[in-house]
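Okay, so here's the structure we're looking at.
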Amino acid sequence: MHTFTAHQSRIRSIAIDPENKALITGSIDGELKIWDVSTYKLRQSFDIQPRNRFLAPSFNRIPLKAFGVTQIQVMSDGNIYTSGPNGIIKCNRNVNF
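Using the working numbering, read the sequence shown as starting at 1 and increasing by one per residue.
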């Protein structure tokens, strides 16, 4: 078993790309990281979703926050789609596997 330790915040979502032998992780701070599953090394890192974005005040005046990457989908054409709780879907086409 191996532990991946490059995220500064909690990981909320993962996806596996078997074709490119990659593990993709998304964290609450909006970062998307692509890992090589054979070497366990970080291939790329992106700031892809907004972090600490206030959506609305809650009933007790503490702001609700939208944190980072909640879903990841790898498509057969190599594009990676991510979404966050703020309703934004992003496509990352600059991935070099």
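Yeah, the Cβ is synthetic: ideal placement off N, Cα and C, and Gly gets one too.
Give the straight-line distance between the Cα atoms of residue i and residue j, rounded to the nearest whole angstrom.
{"i": "I48", "j": "V37", "result": "21 Å"}
{"i": "I89", "j": "I14", "result": "16 Å"}
{"i": "R10", "j": "I28", "result": "6 Å"}
{"i": "C91", "j": "H7", "result": "21 Å"}
{"i": "K33", "j": "R12", "result": "12 Å"}
{"i": "G30", "j": "S83", "result": "10 Å"}
{"i": "W35", "j": "G26", "result": "11 Å"}
{"i": "I24", "j": "I72", "result": "8 Å"}
{"i": "I16", "j": "G87", "result": "23 Å"}
{"i": "T70", "j": "I80", "result": "13 Å"}
{"i": "M1", "j": "R93", "result": "30 Å"}
{"i": "Q44", "j": "V74", "result": "15 Å"}
Could you work out which residue in the options is closest to residue i when comparing CA atoms only?
{"i": "S76", "options": "H2, C91 and E19", "result": "E19"}
{"i": "L42", "options": "A22, S27 and P85", "result": "A22"}
{"i": "T3", "options": "Y40, S27 and R12", "result": "Y40"}
{"i": "P85", "options": "F46, R93, Q73 and G68", "result": "G68"}
Can you determine whether any heavy atom of the ligand COA sits closer than 7 Å to the C-beta of residue i, and answer yes or no?
{"i": "I88", "result": "Of the ligands one can find in the structure shown there are none, so the ligand COA has no counterpart to examine."}
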